[in-house]
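Structure first, commentary second.
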Amino acid sequence: MSTAHDRERAWLLVTRREVVSRITDKSFLIGTVLMVAMIVGFIGFTAWQEERTDEATLGATPEAVAMAQAVADAAPQVDDKLEVRLVELDDDAAARAALEADEVDAWLHPVDGDWQLTSESSEQDSLTAATRVVVRQQVLADNAARVGSTVEELEAGSTVGTEFLRGDAERAAVAEAVGFVFVFLFYFAALVFGMQLASSVIEEKQSRIVEIIAAAIPLRHLLAGKVLGNTALALIQLLVYLAVGLVGLTFTPYKSYVPALSGPAAWFLAFFLAGFVALACLWAVAGSLASRTEDLQATSTPLTMLMLVMFFGGLSLDGRGQVIASFVPPVSAVVMPKRILAGGVDWWEPLAALGLLAAFALATVWVGERLYRRALLQTGGRVSLRQAWSAAE
Amino acid sequence: MLEIRELTRRFGEHTAVDRVSFEVPAGLMTGFVGGNGAGKTTTMRMVMGVLGIDEGEVRWRDQPITRLDRRSFGYMPEERGLYPKQPILDQLVYVAQLKGMGRVEARTRVQELLERFGLGERGKDHLEKLSLGNQQRVQIIASVLPKPAALVLDEPFSGLDPAAVDSMVDLLREHTRDGVPVLFSSHQLDLVERLCDRLVVLAHGRRVAAGTVTELRDAGVPRFRLVLGGDAGWVRNERGLDVLDLDGPTALVEVREVGAEQHLVAEATRRGDVHEFVRVRPALSEIYREATA
Numbered sequence: 001m002s003t004a005h006d007r008e009r010a011w012l013l014v015t016r017r018e019v020v021s022r023i024t025d026k027s028f029l030i031g032t033v034l035m036v037a038m039i040v041g042f043i044g045f046t047a048w049q050e051e052r053t054d055e056a057t058l059g060a061t062p063e064a065v066a067m068a069q070a071v072a073d074a075a076p077q078v079d080d081k082l083e084v085r086l087v088e089l090d091d092d093a094a095a096r097a098a099l100e101a102d103e104v105d106a107w108l109h110p111v112d113g114d115w116q117l118t119s120e121s122s123e124q125d126s127l128t129a130a131t132r133v134v135v136r137q138q139v140l141a142d143n144a145a146r147v148g149s150t151v152e153e154l155e156a157g158s159t160v161g162t163e164f165l166r167g168d169a170e171r172a173a174v175a176e177a178v179g180f181v182f183v184f185l186f187y188f189a190a191l192v193f194g195m196q197l198a199s200s201v202i203e204e205k206q207s208r209i210v211e212i213i214a215a216a217i218p219l220r221h222l223l224a225g226k227v228l229g230n231t232a233l234a235l236i237q238l239l240v241y242l243a244v245g246l247v248g249l250t251f252t253p254y255k256s257y258v259p260a261l262s263g264p265a266a267w268f269l270a271f272f273l274a275g276f277v278a279l280a281c282l283w284a285v286a287g288s289l290a291s292r293t294e295d296l297q298a299t300s301t302p303l304t305m306l307m308l309v310m311f312f313g314g315l316s317l318d319g320r321g322q323v324i325a326s327f328v329p330p331v332s333a334v335v336m337p338k339r340i341l342a343g344g345v346d347w348w349e350p351l352a353a354l355g356l357l358a359a360f361a362l363a364t365v366w367v368g369e370r371l372y373r374r375a376l377l378q379t380g381g382r383v384s385l386r387q388a389w390s391a392a393e
Numbered sequence: 001m002l003e004i005r006e007l008t009r010r011f012g013e014h015t016a017v018d019r020v021s022f023e024v025p026a027g028l029m030t031g032f033v034g035g036n037g038a039g040k041t042t043t044m045r046m047v048m049g050v051l052g053i054d055e056g057e058v059r060w061r062d063q064p065i066t067r068l069d070r071r072s073f074g075y076m077p078e079e080r081g082l083y084p085k086q087p088i089l090d091q092l093v094y095v096a097q098l099k100g101m102g103r104v105e106a107r108t109r110v111q112e113l114l115e116r117f118g119l120g121e122r123g124k125d126h127l128e129k130l131s132l133g134n135q136q137r138v139q140i141i142a143s144v145l146p147k148p149a150a151l152v153l154d155e156p157f158s159g160l161d162p163a164a165v166d167s168m169v170d171l172l173r174e175h176t177r178d179g180v181p182v183l184f185s186s187h188q189l190d191l192v193e194r195l196c197d198r199l200v201v202l203a204h205g206r207r208v209a210a211g212t213v214t215e216l217r218d219a220g221v222p223r224f225r226l227v228l229g230g231d232a233g234w235v236r237n238e239r240g241l242d243v244l245d246l247d248g249p250t251a252l253v254e255v256r257e258v259g260a261e262q263h264l265v266a267e268a269t270r271r272g273d274v275h276e277f278v279r280v281r282p283a284l285s286e287i288y289r290e291a292t293a
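Same order as they appear, the protein sequences are chains P and R.
Numbering-wise (full-length UniProt numbering), the first sequence opens with residue 1 and increments by one.
Numbering-wise (full-length UniProt numbering), the second sequence opens with residue 1 and increments by one.
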């Protein structure tokens, strides 16, 4: 009845239970759906913001209609989010009345040989900017024609081109934003699933079902199953978020970045996997040190501190500090993917960092297993790390 | 047969279990009694391998016990609880699978046991939705999965109503009938006396008594009650006897020298009528109180 084969798959049974009991849990499903809705909503909002065009109305008295018409015609070329509609007005008094009645956003009229744009306040920035450009071009063209030249001739040799050695600013901004998302997702998933893992360890310890399990299978298998189950869940959830995010991005003006983001996203998943396994074992230990759910706050404090260090370290480090941190586990789990995103990383660097992180994960699995095994069956109050480490089994 | 030999466990300076030895013979119910902190739970946890053994050993079928042996045992821990927020059918199947049963086989067996305890319709209910008595039934089902080679039950009857106790006892008897040794602890001496074939008494971490109920009751210094036609005052002068109680024609004596009770009867019949002469066996509770004092 009991064969070596059975014992080998004991961890698999535990993994299965962890996953099944979690994905059939309503709060988990609702949380995931809410998060997906948030991602979709955020991307949708960004896209709408980017696509949206301002419609402005420009008032003009007869002597300014020609110029205002030129502004209205040329505005979309100057600012692709601006549409200008021309409203013809009889005289200055009518124009002022129209402004006050909010029938027009601004009033264009000539003053002492120059042009003046009058509006109630400075809200119509894009209209002002477009008007300036168009009026300047028009007047410049007229003036050039008067002296027998062309605008092109006058402007020849005056342009200043730009070239960026470290990539352009928009790419850097996108890398920064996605880097923040990576760090946040890691922090969020590690905290939520870590807490969940720790409390399920306490649940088993508190209800003493762990004694029934311990009599049936080696505790190593129980730990392995729990860590694997929660890692799988975290990874699946993360994949869903990333997929929704990347697919969503293709509907926004940033869609050209999606192919460039896929590589770093894959690295992020690899780092997440190794980093999460390392942390999961520590969360399991935090759970096993507590005897009741109320103790978890205390036993998990060092871990929550570590998570905060990772979170803020991941966000704030730059320069040499960032390079060093990108190799130091477990912080490397968030810092290296961020560096990969920013670019300029040698091919061996992510591999080396991942190797170190994996080695660290192995070490925490080993230490964690010993602590977990010894603390788990001790009852009556909190167990200190030292007690757990040196306790007889 | 399950054999516990010189088992010792210390927690720091405190010796919780001190060289305890006893046997749990196949096919018999062995009751494990003792006050709070006597070391019953610690002993049972060591037997099940969930707590390390400092000294001594546990033997199963004349061999040192192994993890696989223990895996075939049914165990009910002291403060029970399975997963409160999981359907009972699912978690019982899970426990059975951990003990090496196939999934399909486990489902069939669990459903069978649930029906037997009147819980056949409630497989999908979360454990916490059940009454305490029903939770206890689920717990006992968990301990008899799959077919246990031995049963180690820590306070299995606490919190059960008499009907539940009876159905549980029936289930246990089925197992002893198949030759399974059963060890269970309890505070309820009357229950232990009624159910147990054998008894082990623990006090302050030591085994203070062990044997069948009859053996234990016979084990002490024999006592006799004598009821005469007349006054029994003369009994005080008889040799080899301690008089524990004297009340008119009735005397309760303890025999110090072998055969002294025979002289007593002879003397009594010589002096007059003897209405009653009977061996008095102490109640289990009395033995227990003396042993654990």
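Beta carbons: idealized from backbone N, C-alpha and C, even for Gly.
Note that the coordinates shown come from a computational prediction; the quantities given were computed from them, not determined experimentally.
Chain R has no Cβ within less than 7 Å of the Cβ of SER126/P. Check the Cα spacing between GLU115/R and each of LYS129/R, ILE88/R and GLN97/R: the tightest is with ILE88/R. Residue burial annotation: ASN230/P is buried, with at least 16 other C-beta atoms found within 10 angstroms of its C-beta.
The region 76 to 86 of chain R and the region 96 to 109 of chain R do not touch, with fewer than 3 CB-CB distances between them shorter than 8 Å. Residues of the region 263 to 296 of chain P that bring their beta carbon within less than 7 Å of a beta carbon in chain R are absent altogether. Any Cβ of chain R closer than 7 Å to the Cβ of ARG373/P would place that residue at the interface, and such an atom is absent.
If you draw a straight line from the Cα of ASP62/R to the Cα of MET1/R, it comes to about 8 Å.
Rounded to the nearest whole angstrom, the CA to CA distance from THR301/P to ARG177/R is 53 Å. Not flagged as an interface residue toward chain R: ARG22/P, since no C-beta distance is shorter than 7 Å. Leaving aside the five residues that flank THR57/P on each side, the residues in its chain whose CB is nearer than 6 Å to its CB run, in chain order, ARG85, VAL87, VAL104 and ASP105. Measuring C-alpha to C-alpha distances from LEU127/R to each of TRP60/R, GLU254/R and GLN139/R identifies GLN139/R as the nearest.
Proximity to ALA163/R across GLY118/R, VAL144/R and GLN91/R peaks at GLY118/R, based on C-alpha coordinates. DSSP places ARG271/R in the uninterrupted alpha helix (DSSP H) bounded by 260 to 271.
The secondary-structure analysis by DSSP pairs TYR75/R across a beta bridge with VAL152/R. For the pair LEU235/P and ALA150/R, the Cα-to-Cα distance works out to about 42 Å.
ILE30/P: member of the alpha helix (DSSP H) spanning 26 to 51, first to last residue. At least one CB of chain P lies nearer than 7 Å to the CB of GLY81/R. ALA214/P belongs to the set of residues whose beta carbon lies under 7 Å from a beta carbon in chain R.
The alpha carbon of GLN206/P has as its nearest neighbour, out of GLN138/P, ALA130/P, ALA290/P and LEU249/P, the alpha carbon of ALA290/P. Per DSSP, the unbroken alpha helix (DSSP H) holding GLU215/R starts and ends at 213 to 219.
Annotated three-state conformation of ARG136/P is helix, per DSSP.
Counting only residues of its own chain and dropping the five nearest sequence neighbours on each side, ASP166/R has no CB closer than 7 Å to any other CB. Against chain R, a Cβ distance below 8 Å from GLU203/P picks out TYR83 and PRO84. Secondary structure note for GLY205/R: it is in no alpha helix (DSSP H), with a DSSP letter that is neither H nor E. The DSSP-derived three-state label of SER158/P is coil. In terms of Cα proximity to ALA361/P, the closest of ALA97/P, TRP283/P, VAL40/P and ALA95/P is TRP283/P. Buried is the label assigned to GLU261/R, since at least 16 other Cβ atoms lie within 10 Å of its Cβ.
For LEU172/R, the closest of ASP161/R, LEU160/R and PRO156/R by C-alpha to C-alpha distance is PRO156/R. In the three-state scheme derived from DSSP, where H, G and I count as helix and E and B as strand, TRP347/P is classed as coil. Classified as exposed, ILE324/P has fewer than 16 neighbouring CB atoms from the shown chains inside 10 Å of its CB. Under DSSP, the beta-bridge partners assigned to GLU88/P are ALA60/P. For THR292/R, the uninterrupted alpha helix (DSSP H) run begins and ends at 284 to 292, by DSSP. Following the DSSP letters along the chain, one finds ASP90/R in no beta strand (DSSP E) but inside the alpha helix (DSSP H) bounded by residues 88 to 98. In the structure shown, the three-state DSSP call for ILE212/P is helix.
Here GLN188/R carries a coil assignment [DSSP, helix/strand/coil]. Judged by DSSP in its simplified three-state form, GLY56/R adopts strand.
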